[in-house]
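In terms of the working numbering, the sequence shown opens at residue 7 and continues consecutively. The beta-carbon is built from N, C-alpha and C at its ideal position, and this holds for glycine as well.
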Amino acid sequence: MEQYEEIQQKQASDMSVGEWLITMLIMIIPIVNIVMLFIWAFGSPDKRRNYARASLIWMAISIVLVIIFYGAIFAFFLSMNSY
């Protein structure tokens, strides 16, 4: 029974719908979203810490994939011009 109460208290400290709406609003604004992700990920402990770190990881993966994709396209066009 004690564990159930601890779980309820932890859930009560989770972010509310309003806090998530504000977070999503901040994520819409260019440049501010990246700055805030770094603040939430590496600043003082925040409820958004894991969300921010996961978002930054996905951004890094996306950037690497885009560089590889455009590099492959660029290499393809360079090879076409050599004939």
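Original post:
For R59, which residues from the same chain have a beta carbon less than 6 Å from its beta carbon, with the 5 sequence-adjacent residues on both sides left out?
Top reply: A47
**OP:** Would you decide whether L84 is buried or exposed? Buried here means 16 or more other CB atoms lie within 10 Å of its CB.
**Re:** Exposed, by the Cβ-count rule.
**OP:** Tell me whether L71 is buried or exposed, calling it buried when 16 or more other Cβ atoms sit within 10 Å of its Cβ.
**Re:** exposed
**OP:** State yes or no: is the C-beta of S61 within less than 8 Å of the C-beta of L43?
**Re:** yes
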